[in-house]
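Just below is one structure, and these are the notes that go with it.
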Amino acid sequence: MYLDEAYFEFANHSFKDYPNGMDYLDKANLIITRSFSKIYGLAGLRAGYGVTSKRIVSYLDRFREPFNVNLLAQAAACAALDDKEFMKKTLKTIEKEKRFLYDSFDRMGLKYVKTATNFMMVDVETDCAEIFERLIRRGVIVRDMKAWGFDNFIRVTVGTHEENAIFLDALKKVLTRKFQS
């Protein structure tokens, strides 16, 4: 069984009773993976880790390429694990900025999906691909959720207060334009 815990730190922070896959390692043929791309902000390094039994590791080692994670990424990942204050600060900032975005969407009359992670889905009440294109032209990157069956939803990553303000300003402008045409 494979358990992807890329967003574990966010979920564990939001839900105090959130299950930790590590508690089940001795009970099953389980592989747990976590990422340094999310809470630790090291997406460009493409680093993560897996935890499983020695038996499964010895099997997987037969297929592992040598030097699969570069030395810089390894050093950064180790430093990230040691920097508990950074994680606390990041979680606090994201919680604060999620509230800011939720309040802003409420004032704009937009529906959204509350989240435990650092991104959220917003119902833009029109074709999300068109809104995506208009935002891109303004230098704002979101994800169009049409491929997942959400034709009117975009996904936005929670950023800094300044980034969120830029996103909201651009969103207001593209939605206003859409409703006026």
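In this text, residue positions in the sequence shown follow the numbering used here: the first is 3, and each later residue adds one.
Backbone N, C-alpha and C define an ideal beta-carbon position, used for all residues, glycine too.
Asked	Found
Could you check if L137 is buried or exposed, using at least 16 other CB atoms within 10 Å of its CB as the buried criterion?	buried
Output needed for K180: all residues of its chain with C-beta closer than 6 Å, excluding positions within five of it in sequence on either side, in chain order.	Only weak support is given to the placement of K180: the predicted model assigns it a pLDDT of 49, under 50, and the question is left unresolved by the model.
Out of curiosity, what's the CA-to-CA distance linking L32 and M3?	5 Å
What are the start and end residues of the alpha helix (DSSP H) that includes L62?	56-63
On the CB-based measure, 16 or more other CB atoms within 10 Å of its CB, does D84 come out buried or exposed?	exposed
Chain D beta carbons: is any one of them nearer than 7 Å to that of I96?	The structure shown contains no chain D, having only a single protein chain.
Give me the Cα-Cα distance between E87 and E11, rounded to the nearest whole angstrom.	13 Å
CA-CA distance, A82 and S37?	11 Å
May I ask which residues mark the beginning and end of the beta strand (DSSP E) holding S37?	33-37
Just to confirm the assignment, what range does the alpha helix (DSSP H) spanning R139 have?	130-139
Using the rule of at least 16 other Cβ atoms within 10 Å of the residue's Cβ for burial, across every protein chain shown, is A45 buried or exposed?	exposed
For the alpha helix (DSSP H) containing M89, list its first residue and its last residue.	86-110
Look at the alpha carbon of M110 and the alpha carbon of G151, and state the distance between them as a whole number of angstroms.	24 Å
Taking Cβ to Cβ, would you say E219 is nearer than 7 Å to V160?	No information on residue 219 is available, as it lies outside the stretch 3 to 183 that the chain covers here.
Does the Cβ-Cβ distance between C130 and K148 come in under 7 Å?	yes
Would you identify the three-state DSSP class for Y26, choosing helix, strand or coil?	helix
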